[in-house]
Amino acid sequence: MATGGQKRTRWERVAALELPPGSWKRAWASLHRHDVWLRIGLCVLTALVLCMVIRGWHPPFIYRKDYVFSRDMVARVPFEVPDAKGTHAAAGHGVVRREAGETLAEAGKPLREEQVWALRAEHEAWIAQRPWSQRFFRALAVMAIILTLFALCALYLHNRQRRLLVNLPGLALMSALAVATVGLSRWAAMYPWRAEIIPLLLFGQTVAIAYRRELALLFTGVVTAILVLGLGHGFGHGLGPFLILMGVAAAAILQLGRIRNRSKLVHVAAFAALAAFLLTIVVSLLDSQLVGAPLLQAAGLVALWTFLAGFLMAGLLFFIERLFGVLTDISLLELGDASHPLLQELVRRAAGTYNHSIIVGSIAEAAADAIGAWGLLVRVGAYFHDIGKTLKPIYFIENQPPDDNRHEGLVPAMSTLVIVAHVKDGADLARQHRLPDAIVNLIQQHHGTTLVEYFYGRANEQRRSDPNGNAVEESTFRYPGPRPQTREAGVLMLADAAEGACRALFDPAPARIESAVHEVAEKRLQGGQFDESGLTLPELRTVEQSVIKSLIANYHGRIKYPDQRTA
Numbered sequence: 065m066a067t068g069g070q071k072r073t074r075w076e077r078v079a080a081l082e083l084p085p086g087s088w089k090r091a092w093a094s095l096h097r098h099d100v101w102l103r104i105g106l107c108v109l110t111a112l113v114l115c116m117v118i119r120g121w122h123p124p125f126i127y128r129k130d131y132v133f134s135r136d137m138v139a140r141v142p143f144e145v146p147d148a149k150g151t152h153a154a155a156g157h158g159v160v161r162r163e164a165g166e167t168l169a170e171a172g173k174p175l176r177e178e179q180v181w182a183l184r185a186e187h188e189a190w191i192a193q194r195p196w197s198q199r200f201f202r203a204l205a206v207m208a209i210i211l212t213l214f215a216l217c218a219l220y221l222h223n224r225q226r227r228l229l230v231n232l233p234g235l236a237l238m239s240a241l242a243v244a245t246v247g248l249s250r251w252a253a254m255y256p257w258r259a260e261i262i263p264l265l266l267f268g269q270t271v272a273i274a275y276r277r278e279l280a281l282l283f284t285g286v287v288t289a290i291l292v293l294g295l296g297h298g299f300g301h302g303l304g305p306f307l308i309l310m311g312v313a314a315a316a317i318l319q320l321g322r323i324r325n326r327s328k329l330v331h332v333a334a335f336a337a338l339a340a341f342l343l344t345i346v347v348s349l350l351d352s353q354l355v356g357a358p359l360l361q362a363a364g365l366v367a368l369w370t371f372l373a374g375f376l377m378a379g380l381l382f383f384i385e386r387l388f389g390v391l392t393d394i395s396l397l398e399l400g401d402a403s404h405p406l407l408q409e410l411v412r413r414a415a416g417t418y419n420h421s422i423i424v425g426s427i428a429e430a431a432a433d434a435i436g437a438w439g440l441l442v443r444v445g446a447y448f449h450d451i452g453k454t455l456k457p458i459y460f461i462e463n464q465p466p467d468d469n470r471h472e473g474l475v476p477a478m479s480t481l482v483i484v485a486h487v488k489d490g491a492d493l494a495r496q497h498r499l500p501d502a503i504v505n506l507i508q509q510h511h512g513t514t515l516v517e518y519f520y521g522r523a524n525e526q527r528r529s530d531p532n533g534n535a536v537e538e539s540t541f542r543y544p545g546p547r548p549q550t551r552e553a554g555v556l557m558l559a560d561a562a563e564g565a566c567r568a569l570f571d572p573a574p575a576r577i578e579s580a581v582h583e584v585a586e587k588r589l590q591g592g593q594f595d596e597s598g599l600t601l602p603e604l605r606t607v608e609q610s611v612i613k614s615l616i617a618n619y620h621g622r623i624k625y626p627d628q629r630t631a
């Protein structure tokens, strides 16, 4: 080992390096955390409840009327079945005894009603004679499969949606929805309804609305696998039922996208219903089922339930938004209605601010759409971004009458306090009127931590004219933030500042508008205002060009007619 003044060799320096722990070591270390064990316990508890709901210790009864076997079905154990024809009624018997090895259904022929009851009675008799050890190990196997599926979901969440993984209440809510879906599907699968597709579709679309479609496909696949594993279905067993249920759910989820009106859910349901009809027929043919009225009737029934799920989803949308705290285009369109009390108050008390907000909303929406951000959210957020100005509207230039500047009697620091306060006041008003968190965040972030340059400059001028005055602290003249945390907030910041800058131009010619917008964008970029927004430089340039285009269109010139007087 090197001592005192000795120089260490290269190999000694390399050996002294401490490498960061690998993924396995990090995973092992995380097991010492209390919250990790809570999540593991939740998964185990959910798997146990699901196993109980589907009666995982018993194999399911999977056959229904009109199903066609590829081989003769014989009784595995002796059993008794009710005497449907009454041939033994005279002898005082109400049941018929069937022996093991007796043929219950012939291959290639559709099941009749009485054969279904006989097969069900045989199945229950076979289950009753199974030893407890077989039941225990089957339940254990079902639990292992469910936990394996949960582990795959956890791996995906760890890599793609870690925010949900660390949110224990969110995981608990998702687990409760999964259990409810499986339970309702088990109940809805009873003959003659066969409506197990409805809860599954509602679950998949709920997850897609609350989170994202990729996550909805994964979770719906897991729930579908559990359904196929433990519940009876009328389309055979194995891959067939999974293809039908998952295929229909995937058709609905992938078509969902943005929901701008409730009719979108009906269109999605119609598309999924068509997929349900075709998938049921195709999968049934692969399972060697006969083509005929029973098959078409079964396919039509699945399509009918799928279409009905769309109407149920439209009715549940309001509750889903409140339960998960998510926004849809429908709720945003309702918020953006000019009759909203806050917007009406803005019109009455600060008409200039209202007009500015409407213009900013139009500009910001076009810019957000240009980079694939949520344009409607930006537009509605722009409508509300300055509602804090309703408390002291006269202190803002767009609401001041000529020759009435209230800031002339205030020191710059006090004027800055009044100006900056509109952000906090706006957020408070938004919360009082229960606006969504996404709108509140836009209100809080649309100025970031930018400098109130006008009053900061006035304060410096006063300081230079009075050398004995206090030093000017720049932090006193900055907005409290936070900086924009999303692309939408970054777009709103730039559109708001650019519109204000161009409104102050004496001659808003296209070249001057372009120069003003570029200056605003560069100043905020250099000030680090977009560092946490997720906006890339190419996206920022795209937003800048879109804002320039919108402002040039807004401040376009007018043709001067002969002998026309200027106002």
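Quick note: the sequence shown uses the numbering used here, first residue 65, plus one each step. Note that the Cβ used here is the ideal one computed from N, Cα and C, for glycine as well.
By the criterion of a C-beta distance shorter than 8 Å, Phe201 is surrounded by no residue of its chain, once the five residues flanking it on both sides are discounted. Boundaries of the beta strand (DSSP E) harbouring Ala169: Thr167 to Ala169, taken from the DSSP string. Phe214 counts as buried, since no fewer than 16 other beta carbons sit within 10 angstroms of its beta carbon. In the structure shown, the three-state DSSP call for Met254 is coil. Partner residues in the beta bridge of Val145, as assigned by DSSP, are Val160. In the assembly as shown, Ala617 is an exposed residue. Its beta-carbon has fewer than 16 other beta-carbons within 10 Å.
Going by beta carbons, Val246 and Leu303 fall outside the 8 Å limit. Gln319 counts as buried, since at least 16 other C-beta atoms from the protein chains shown sit within 10 angstroms of its C-beta. For the set Asn469, Ala240, Tyr418 and Gly512, the Cα lying nearest the Cα of Leu387 is the one of Ala240. In the structure shown, Leu515 adopts extended strand secondary structure according to DSSP, grouped into three states. Per DSSP, the unbroken alpha helix (DSSP H) holding His420 starts and ends at Ala415 to Ala434. Ranked by how close their Cα comes to the Cα of Ile394, the residues Ile427, Val444 and Gln361 have Val444 in first place.
The region 368 to 379 and the region 253 to 271 touch, with three or more beta-carbon pairs separated by less than 8 Å.
Counting other Cβ atoms within 10 Å of its Cβ, Arg551 reaches 16 or more and is therefore classed as buried. In the three-state DSSP reduction, Arg567 falls in the helix class (H, G or I). In the displayed model, Val113 falls within a helix according to three-state DSSP. For Arg522, the closest alpha carbon among the candidates Val607, Phe541, Asn505 and Gly379 is that of Phe541.
In the structure shown, Val243 adopts helical secondary structure according to DSSP, grouped into three states. Judged by DSSP in its simplified three-state form, Arg412 adopts helix. The region 171 to 227 is shown to contain whole alpha helix (DSSP H) runs of 4 or more residues at 177 to 192 and 196 to 224, in chain order.
DSSP, reduced to helix, strand and coil, places Val487 within a helical segment of the structure shown. For Arg542, the three-state secondary structure derived from DSSP is strand.
Taking C-beta separations shorter than 6 Å and ignoring five residues to either side along the sequence, the partners of Thr480 in its chain run Val516, Phe519 and Phe541, following chain order. Residue state for Val138 is assigned as strand, using DSSP reduced to three classes.
Val271 has no beta-bridge partner at all, per DSSP. For Val132, DSSP records a beta bridge to Pro174. If you draw a 10 Å sphere on the C-beta of Asn534, you find fewer than 16 other C-beta atoms in it, and that means exposed.
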